[in-house]
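Residue numbers (the UniProt record's numbering): 1 to 104. All C-beta atoms, glycine included, are put in the ideal place defined by N, C-alpha and C. All remarks here apply to the structure that follows.
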């Protein structure tokens, strides 16, 4: 269930590193999806999820869809600091093995 104040932001950090903050939920995923071209550039991209405070299955779907898009744009996409809630949702959905975790 979404809250009226749900927001999510994508912020550029160091070269190829991005920070996601807020909620990865049904109401916020479309705006983040619309920004995918900012982060899916050829080379390596790390999406840091440490600022994600809430997630639902739409958030998991976003991450899996970003991985699929990354392959077509020659981007090596990894995730850092995947929150326990998001990891649990991915496991229940059977896609946790698809989410590569960054070592950096």
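- Looking from the CA of residue 49, the closest CA among 80, 29, 70, 73 belongs to 80.
- Straight across, the Cα-Cα distance linking residue 64 with residue 89 is about 12 Å.
- With a threshold of 16 other beta carbon atoms within 10 Å, residue 97 falls short and is exposed.
- Assigned with DSSP and collapsed to three states, residue 59 falls in helix.
- Straight across, the Cα-Cα distance linking residue 85 with residue 42 is about 30 Å.
- In this model, residue 95 and residue 67 are separated by some 12 Å (Cα to Cα).
- Counting the other CB atoms within 10 Å of its CB gives residue 53 a total below 16, which places it among the exposed residues.
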